[in-house]
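Undergrad: Residue numbers (full-length UniProt numbering): 1 to 396. My structure is below; once you've seen it, I'll send some questions.
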């Protein structure tokens, strides 16, 4: 499939691209136009926690960004080592330097050794639980996108219940803007601290938010079967991630207890028209490095049809750069999005009357993490939202 060029700023919308359906096919409520402050000519960025997969991925994306300079990258356990010893595919020559004749210095450092007067923006890729105190200690003038889960949940009691510890920066938790970019543009553009959504929540919310908002599906009895590449489990050395444990098989994990459940329910509750949202969510680990598919089984509202659902999504996303709704009969595949910031969505009629099946695919490291983080930072800095993110998906 090909991705057509799309405008960066959308105006009014007409009917959905499919021309299908009637119920719910109205003007989208999540506008693309945002008001932003004057953009700097160049932004100076630090990546905290660059030795993990999301840290490496954001650093890779930043190498291609025409208006962002990487000033510092940190790793507590690898401080003092050249970044290429941790990720050999990222060479110094790929990055911009102050002088055309100079070589960019990409030596890993500790957070405490970052020269903050040379940095105006921060991507925080540190583990859950460690981010709170780090961000609380940063100068107030810095713009921050946090890729951990530390600022996604607004209720401190819910956070403590699911993460097993009291939140150490509740004021920042209240301040943080949840950065599901396609639906939170103005809030993100005005924010100092953005909580980047999780990978599963991104793949789930992109299709379900417009459908719940339009009242086309019911909030109860939403069943989600989600599958992720092994990179979603992180880079840490764990027996469950070894080749012989993963290859030629698949396994479920976090059954009834995955920490993305309260995040998804919190955000879907904001748009639900008929009561609180409750989901049954089961994630699976698959034997490939990157990619994610979420299959969602939903009850349609009285009078709604699958054509209505597809038309509503097509109407919502027809002017979006990164979200694509397939016509009837086409099925998403993770290969459609590998290495890119794109999401592809399909909608299908279930054999059970009154139910529909919604499928979305993303690259868990890009749209599910680092790509969306850069999309958010672009808005915060006043840059075009898609800058540095127009990579075509890789195939095969």
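Cβ atoms here follow ideal geometry from the backbone N, Cα and C, with glycine treated the same way.
Are residue 283 and residue 200 close, meaning C-beta to C-beta below 8 Å?
TA: It is a contact, given that the beta carbons lie within the stated cut-off.
Undergrad: To the nearest angstrom, how far is it from the Cα of residue 86 to the Cα of residue 152?
TA: Those two C-alpha atoms are separated by around 29 Å.
Undergrad: According to DSSP, simplified to helix, strand and coil, what is residue 240?
TA: Residue 240 falls in the helix class under three-state DSSP.
Undergrad: Could you tell me which of 318, 194 and 348 sits nearest to residue 329, measuring between CA atoms?
TA: 348
Undergrad: Consult DSSP for residue 367 and reduce its assignment to one of helix, strand or coil.
TA: helix
Undergrad: What are the start and end residues of the beta strand (DSSP E) that includes residue 325?
TA: 323-325
Undergrad: Suppose only complete runs of 3+ residues qualify. What are the beta strand (DSSP E) ranges in the stretch 42-75, listed by chain order?
TA: 43-48 and 68-73
Undergrad: What's the C-alpha gap between residue 70 and residue 112?
TA: 17 Å
Undergrad: Cα separation between residue 399 and residue 266?
TA: Beyond the ends of the chain as shown, which are 1 and 396, falls residue 399; an answer cannot be given.
Undergrad: Any contact between the stretch 220-239 and the stretch 275-294? By contact I mean 3 or more CB pairs, one from each, below 8 Å.
TA: yes
Undergrad: DSSP on residue 317, reduced to helix/strand/coil?
TA: helix
Undergrad: One question on the structure: do residue 46 and residue 196 come within less than 8 Å of each other, judged by their Cβ atoms?
TA: no
Undergrad: Report all residues from its chain with a CB closer than 7 Å to the CB of residue 269; omit the five preceding and five following residues, and keep chain order.
TA: 276 and 277
Undergrad: Over the uninterrupted alpha helix (DSSP H) stretch that includes residue 199, give me the two end residues.
TA: 199-213
Undergrad: Which term fits residue 312, buried or exposed, when burial requires 16 or more other beta carbons within 10 angstroms of its beta carbon?
TA: buried
Undergrad: Please name the residue in 41, 341 and 77 whose C-alpha comes closest to that of residue 52.
TA: Measuring from the Cα of residue 52, the nearest candidate turns out to be 77.
Undergrad: Would you kindly work out how many angstroms separate the C-alpha atoms of residue 180 and residue 209, rounded to a whole number?
TA: 11 Å
Undergrad: When the Cα of residue 215 is compared with those of 222, 272 and 72, which residue comes out closest?
TA: 272
Undergrad: Could you check the C-alpha separation between residue 58 and residue 44 for me, to the nearest Å?
TA: 14 Å
Undergrad: What is the rounded straight-line gap between the Cα of residue 241 and the Cα of residue 306?
TA: 38 Å
Undergrad: Could you compute how far the alpha carbon of residue 158 sits from the alpha carbon of residue 170?
TA: 12 Å
Undergrad: Spatial neighbours of residue 324 within its chain, please: C-beta separation below 6 Å, excluding the five flanking residues on both sides.
TA: Exclusion of the five residues before and after residue 324 leaves 344 as the residues of its chain whose Cβ lies within less than 6 Å of its Cβ.
Undergrad: Just the Cα atoms here: how many angstroms apart are residue 367 and residue 375?
TA: 9 Å
Undergrad: Just how far apart, CA to CA, sit residue 335 and residue 396?
TA: 7 Å
Undergrad: Quickly, what does DSSP pair residue 178 with across the bridge? List them, please.
TA: 195
Undergrad: Here's a check: name, in chain order, each residue in its chain whose Cβ is nearer than 6 Å to the Cβ of residue 49, leaving out the five neighbours to either side.
TA: Within the same chain, residue 49 has close Cβ partners 55, 125 and 126.
Undergrad: According to DSSP, simplified to helix, strand and coil, what is residue 90?
TA: coil
Undergrad: Just verifying my parser: in three-state terms, what is the DSSP assignment at residue 345?
TA: strand
Undergrad: For my contact list, residue 357 and residue 350 are in at a C-beta cut-off of 8 Å; report their separation, rounded to the angstrom.
TA: About 5 Å separates the two Cβ atoms, so the contact holds.
Undergrad: Just to confirm, are residue 380 and residue 122 a CB contact at a threshold of 8 Å?
TA: no
Undergrad: Within 10 Å of its beta-carbon, does residue 296 have 16 or more other beta-carbons around it, so buried, or fewer, so exposed?
TA: Buried: at least 16 other Cβ atoms inside 10 Å.
Undergrad: As a quick exercise: from 370, 202 and 136, pick the residue whose alpha carbon is nearest that of residue 175.
TA: 136
Undergrad: Are residue 72 and residue 94 touching if we call contact CB-CB under 8 Å?
TA: no
Undergrad: Distance, Cα to Cα, residue 384 vs residue 82?
TA: If you take the alpha carbons of residue 384 and residue 82, they lie about 31 Å apart.
Undergrad: I'd like to check one pair, residue 361 with residue 293: are the Cβ atoms closer than 8 Å?
TA: yes
Undergrad: Any idea if residue 11 is buried or exposed, counting beta-carbon neighbours within 10 angstroms, 16 or more meaning buried?
TA: Confidence at residue 11 is low in this model, with a pLDDT of 33, below 50, so its placement is unreliable and no value can be given for it.
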